[in-house]
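Report on the structure given below.
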Amino acid sequence: MSKIQRIVILGLILFAIVFPLISNNDYFIHVMTLSFIWMIGVYGLNLLAGYTGYLSLAHAGFFAIGAYSLGLLTVKAEMNFWPALLLSLFITGVLGFFVGLISLRTKEHFFAIYTLCVGYIIYLVIDKWDSLTEGVRGLIGIPAPANIGPLTFETLRSHYYLVLFFLLLVVLIMYRIVHSLSGRTYIAIRNSEDLAQTIGISTMKSKLTVFVISTVIAGLSGALYASFVRFIGPDIGSIAIVFDFLTYLLVGGLGTLSGPIVGTLLIVVLSQRLQFLQDYRMLVFGPVLTLLIIFYPRGIVGAVAAWGQKRRSSVHKTRLNNLPEEQVKEG
Amino acid sequence: MEILVQQLFNGLTIGSVYSLVALGLTLVYGILHIPNFAHGALYMMGGYITLTMMTKYGFHYWIAIIVSILVVGLLGVLMERFVFHPLREAPPIHDKIAAIGILLFLEAFAQFVWGAEYQSMPTPYGQVVEIFGLTFTMQRLLIVIAAIVVMILLTLFLKKTFTGSTIIAMSQNREGANLVGINTKKVAMLTFMISGGLAAIAASLSAPINLVFPGMGHLVILKAFVIIILGGMGSVPGAILGGYILGFSESLGATYISNDYKDIIAFVLLVIILSAKPTGLFSKGGH
Numbered sequence: 418m419s420k421i422q423r424i425v426i427l428g429l430i431l432f433a434i435v436f437p438l439i440s441n442n443d444y445f446i447h448v449m450t451l452s453f454i455w456m457i458g459v460y461g462l463n464l465l466a467g468y469t470g471y472l473s474l475a476h477a478g479f480f481a482i483g484a485y486s487l488g489l490l491t492v493k494a495e496m497n498f499w500p501a502l503l504l505s506l507f508i509t510g511v512l513g514f515f516v517g518l519i520s521l522r523t524k525e526h527f528f529a530i531y532t533l534c535v536g537y538i539i540y541l542v543i544d545k546w547d548s549l550t551e552g553v554r555g556l557i558g559i560p561a562p563a564n565i566g567p568l569t570f571e572t573l574r575s576h577y578y579l580v581l582f583f584l585l586l587v588v589l590i591m592y593r594i595v596h597s598l599s600g601r602t603y604i605a606i607r608n609s610e611d612l613a614q615t616i617g618i619s620t621m622k623s624k625l626t627v628f629v630i631s632t633v634i635a636g637l638s639g640a641l642y643a644s645f646v647r648f649i650g651p652d653i654g655s656i657a658i659v660f661d662f663l664t665y666l667l668v669g670g671l672g673t674l675s676g677p678i679v680g681t682l683l684i685v686v687l688s689q690r691l692q693f694l695q696d697y698r699m700l701v702f703g704p705v706l707t708l709l710i711i712f713y714p715r716g717i718v719g720a721v722a723a724w725g726q727k728r729r730s731s732v733h734k735t736r737l738n739n740l741p742e743e744q745v746k747e748g
Numbered sequence: 409m410e411i412l413v414q415q416l417f418n419g420l421t422i423g424s425v426y427s428l429v430a431l432g433l434t435l436v437y438g439i440l441h442i443p444n445f446a447h448g449a450l451y452m453m454g455g456y457i458t459l460t461m462m463t464k465y466g467f468h469y470w471i472a473i474i475v476s477i478l479v480v481g482l483l484g485v486l487m488e489r490f491v492f493h494p495l496r497e498a499p500p501i502h503d504k505i506a507a508i509g510i511l512l513f514l515e516a517f518a519q520f521v522w523g524a525e526y527q528s529m530p531t532p533y534g535q536v537v538e539i540f541g542l543t544f545t546m547q548r549l550l551i552v553i554a555a556i557v558v559m560i561l562l563t564l565f566l567k568k569t570f571t572g573s574t575i576i577a578m579s580q581n582r583e584g585a586n587l588v589g590i591n592t593k594k595v596a597m598l599t600f601m602i603s604g605g606l607a608a609i610a611a612s613l614s615a616p617i618n619l620v621f622p623g624m625g626h627l628v629i630l631k632a633f634v635i636i637i638l639g640g641m642g643s644v645p646g647a648i649l650g651g652y653i654l655g656f657s658e659s660l661g662a663t664y665i666s667n668d669y670k671d672i673i674a675f676v677l678l679v680i681i682l683s684a685k686p687t688g689l690f691s692k693g694g695h
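Top to bottom, those sequences are chains F and A. Be aware that the first sequence starts at 418, since it is given in our numbering, and climbs by one per residue. Be aware that the second sequence starts at 409, since it is given in our numbering, and climbs by one per residue.
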């Protein structure tokens, strides 16, 4: 990490910490907290789709499993929030393990279609299993996180800090993973699974680890969502949520560390600006998604990084990175 | 016994619609090796265009369908030209995301233009006919017959005409087809045109017995994916057969197992198949 990057990151964290103190608009704090929750989920998807190259469309399902586990444990089993949170992460992880065990035998398109169907099954089960999940009526009255000693989480601002803490924790974990040997293993699998296997990487084990971590993070995001919004319905497991995650991730930058934050913030802020468009926002974001993947497959963060690299190389007059872009690809 | 026959006929009707949708999907997969997630949106557009042509411009049902085929076919061609063609060298994850972008756009577009409410499509074939003491609505009979005619025509086109064989040649080997002088770009466009047309036919035929709404393609496309995995990605007879298998198992499952969970049957079927054979049933080696 360069010095400038360090300063920027510290500045951003400081800003996130003082934001509720300088802003007295509760609505903004509410929106920020929600977008932090989305960011956590997007990080989960990013590790799998961005770094390992497996596009999972079941992540809304795992988000919903996390949310419903927490909701059911606290509302129906009347557990304390913290053990319930741990247990719901555990439940998501175990389910993720079994889904991963089977789904990761498939590749590419089959994997995407398989997970799409798994996601749909999770959604249908939540929707139809009235006696457990209350079906379309939704689960009401999920309590706020319980106190830890003198810390309470009843107010909006304290909840904001709780979610921020988890977000920073997830970013830190991601940073450590991506910059470790395992992180490079995952990227190797993304770039060529056959090659990775040839040089002795146990691809199945790595993929399964990534899948479980990624679902647990999605579950964490769901659990935080449930305790923040206090109400959950089957809709949170619908495919639309996965598409939202994908949009955030793609706009920010697939397979980049800061992508989920940039993309989510940008889209959430834009959506707030374009509130009158609410139902029709996909009229704008749909084509944006398609155009980005054609012209800037690594999103805003990727484009900025490439631009910075290009500038540096032209300053040093090496021009190594300026490969001819117009390569004739026929056939 | 009567219920059974009635349900078998229902299965035949649903199966015909599924087969038509799956055919379009499998053709595109055979040529370009992309799972076109936007295919369900094309299906939805087909339904809306037929509906608008009939209610707004007073066209006859059949003429409305033809207009719908042309418009949706053109949409397919535009998608190929502007989205999938530039992405042909990109990693496979990109095609899928691009297709999802188109899907989201088309759905928001339909909601913007036609509204979110459910609309029913009028049909000139609402009357009831009685055959061997069983009652059928004309529309359902029409779906079955029209679907079979379309499938026969498509098979003849693919097997007997020169243009049709270029599609098959390209699905067998893209480079090879290019080497023997087939214009692969044209064939890709043609395939998307046919695929869009098939989706429009399926939607226009089934809309009078279902409803037209922006999300009408969701379940159908998911099931079409199940079908082409069942029948082998890229296989034409597999798509037809798979469509009918799914149609029958759903209508029988709805009667004899549970109506609430009938939509889950397809996905459980798929999960079982892919768990046992990760590359799908009847898959050819090589891709």
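Quick reminder that beta carbons are idealized off the backbone N, C-alpha and C, glycines included. Please read these numbers as outputs of a predicted model, since none were measured by experiment.
So which of the options has the shortest CA-CA distance to residue i?
i        : options                                : result
F:Lys493 : F:Ile557, F:Phe712, F:Met449           : F:Ile557
F:Gly617 : F:Glu495, F:Phe660, F:Thr602           : F:Thr602
F:Met699 : A:Val480, A:Pro645, A:Pro622           : A:Pro622
F:Gly636 : F:Tyr537, F:Ile439, F:Leu503, F:Tyr471 : F:Leu503
A:Gly481 : A:Ala615, A:Ser528, A:Thr592, A:Met452 : A:Met452
F:Val448 : F:Ile656, F:Tyr642, F:Gly669, F:Thr673 : F:Tyr642
A:Pro645 : A:Ser612, A:Ala608, A:Ile576           : A:Ile576
A:Gly640 : A:Lys593, A:Pro530, A:Leu433           : A:Leu433
F:Met591 : F:Gly672, F:Tyr713, F:Asn442           : F:Gly672
A:Trp470 : A:Thr421, A:Ile510, A:Ile442, A:Pro532 : A:Pro532
A:Val628 : A:Phe520, A:Ile672, A:Ile590           : A:Ile672
F:Asn463 : F:Ile678, F:Gly566, F:Tyr577           : F:Ile678
A:Tyr526 : A:Met624, A:Ile665, A:Ser657, A:Thr421 : A:Met624
By DSSP, does residue i sit in helix, in strand, or in coil?
i        : result
F:Leu472 : coil
A:Val620 : strand
F:Arg728 : helix
A:Glu583 : helix
A:Leu542 : strand
F:Ile630 : helix
F:Phe648 : strand
A:Ile665 : coil
F:Ile618 : coil
A:Val537 : strand
F:Leu521 : coil
F:Leu427 : helix
F:Leu700 : helix
F:Leu671 : coil
F:Leu691 : coil
F:Leu568 : strand
A:Ile501 : helix
A:Ile442 : coil
Short check: CB of residue i to CB of residue j, under 8 Å?
i        : j        : result
A:Ala446 : A:Met462 : no
F:Ser599 : F:Ser638 : no
F:Gly654 : F:Val718 : no
F:Gly680 : F:Leu691 : no
F:Phe645 : F:Val580 : yes
A:Ser573 : A:Val436 : no
A:Ala516 : F:Tyr697 : yes
A:Asn605 : A:Ile477 : The sequence shown places Gly at residue 605 of chain A, not Asn. Result yes, Cβ atoms of A:Gly605 and A:Ile477 sit closer than 8 Å.
A:Leu654 : A:Val634 : yes
F:His526 : F:Val659 : no
A:Phe467 : A:Val479 : no
A:Ser528 : A:Ile439 : no
F:Ile538 : A:Phe520 : no
For residue i, I'd like the list of residues in its chain whose CB is within less than 6 Å of its CB, leaving aside the five on either flank, ordered along the chain.
i        : result
A:Ser424 : Ile551, Val552, Ala555
F:Thr509 : Phe479, Ile482, Gly483, Thr632, Val633, Gly636
A:Ala632 : Val429, Ala430, Leu433
F:Ala613 : Ala605, Ile606, Thr620
A:Gly651 : Gly423, Tyr426, Ser427, Ala430, Ile635
F:Tyr471 : Leu465, Phe528
Beta-carbon within less than 8 Å of residue i's beta-carbon, same chain only, minus the 5 sequence neighbours each way: which residues are those?
i        : result
A:Met559 : Ser427, Leu428, Leu431, Ile648
F:Arg574 : Pro437, Ile446
F:Leu625 : Phe514, Gly517, Leu518, Leu521
Run down chain B in chain order and give the residues with a C-beta less than 8 Å from the C-beta of residue i.
i        : result
A:Pro616 : The question asks about chain B, but that chain is absent: this structure's protein chains are F and A.
Does the ligand GTP have a heavy atom nearer than 7 Å to the CB of residue i?
i        : result
F:Thr523 : Of ligands this structure carries none, so the ligand GTP is not represented either.
Leaving out five residues on either side along the sequence, give the residues of the same chain with a beta carbon under 7 Å from the beta carbon of residue i.
i        : result
A:Ile510 : Ala446, Ala449, Met487, Val491
ask   = Would you call the region 704-714 of chain F and the region 493-513 of chain A in contact, with 3 or more CB pairs under 8 Å?
value = With a cut-off of 8 Å, the region 493-513 of chain A and the region 704-714 of chain F count as touching, because enough Cβ pairs lie within range.
task = Mind the definition here: the region 509-524 of chain F touches the region 680-688 of chain A only if three or more C-beta pairs lie below 8 Å; say whether that holds.
result = The region 509-524 of chain F is in contact with the region 680-688 of chain A.
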